[in-house]
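Taking the UniProt record's numbering, the leading residue of the sequence shown gets 1, the next gets one more, and so forth. Beneath this line is the structure, given in structure tokens, with notes to follow.
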Amino acid sequence: MSLQNEAEKYFSKLNPIARRLHVDLNTTKAAYDKLWSTLTENEQNQILTESIIKPEVCLKYNVTHLNTENKNNYALKVISDDNFSYRDEHSAPFSFRTPSQRDLRLFEDGNENQNIVSKPALLAQSETCDRNTPSSSSSSSLFNLPKTGLDLLDNW
Numbered sequence: 001m002s003l004q005n006e007a008e009k010y011f012s013k014l015n016p017i018a019r020r021l022h023v024d025l026n027t028t029k030a031a032y033d034k035l036w037s038t039l040t041e042n043e044q045n046q047i048l049t050e051s052i053i054k055p056e057v058c059l060k061y062n063v064t065h066l067n068t069e070n071k072n073n074y075a076l077k078v079i080s081d082d083n084f085s086y087r088d089e090h091s092a093p094f095s096f097r098t099p100s101q102r103d104l105r106l107f108e109d110g111n112e113n114q115n116i117v118s119k120p121a122l123l124a125q126s127e128t129c130d131r132n133t134p135s136s137s138s139s140s141s142l143f144n145l146p147k148t149g150l151d152l153l154d155n156w
């Protein structure tokens, strides 16, 4: 077996979600049959992505900002030694936050100004609950306890 088949076999056995993804991806590949091997890698990835993420979900959540670059670049300093160069992750400007923590947009630019006002639902009147239950003459309507269903507790 090839290394790719072994990797797919291993990852499909990790958990039920991985198993389901593996089945979905193989079903999509099988639907394209002989055409699958002629497609480029980008086309294959796009087909697999579209088969997993349904268009309704993309429209609902407006997934346009996934491929955008972060405007705040961190670790800009490049250090060059004799034979190699690398980015200094501790150089200024430095951020303790990961890129996903830095981009905490809840709304897109056009939706930020919309105010969402919600009012709590009105509480049900206690009189409507007490109509069907027999009331004792000694208890006041202010001190009615909810019924528990246990005779010992309800009738003491």
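No residue lacks a Cβ here, since even glycine has one placed at the ideal position from N, Cα and C. Quick caveat, the model's predicted, so the values are computed rather than measured.
Query - For residue 135, the three-state DSSP class (helix, strand or coil) - result: Low confidence applies to residue 135: its pLDDT is 48, below 50, so where it sits in the model is not reliable enough to give any reading.
Query raised in the report: Can we count residue 83 as close to the ligand GDP, meaning its CB is less than 8 Å from some heavy atom?
Result: With respect to small molecules bound, the structure shown includes none, and the ligand GDP cannot be examined in it.
Query raised in the report: If you draw a straight line from the alpha carbon of residue 46 to that of residue 148, how long is it in whole angstroms?
Result: 57 Å
Query raised in the report: To which residues does DSSP link residue 85 through a beta bridge?
Result: 80
Query - As assigned by DSSP and simplified to three states, the class of residue 96 - result: coil
Query raised in the report: What alpha helix (DSSP H) runs, 4 residues minimum, are completely inside the segment 40-67?
Result: 41-52 and 55-61
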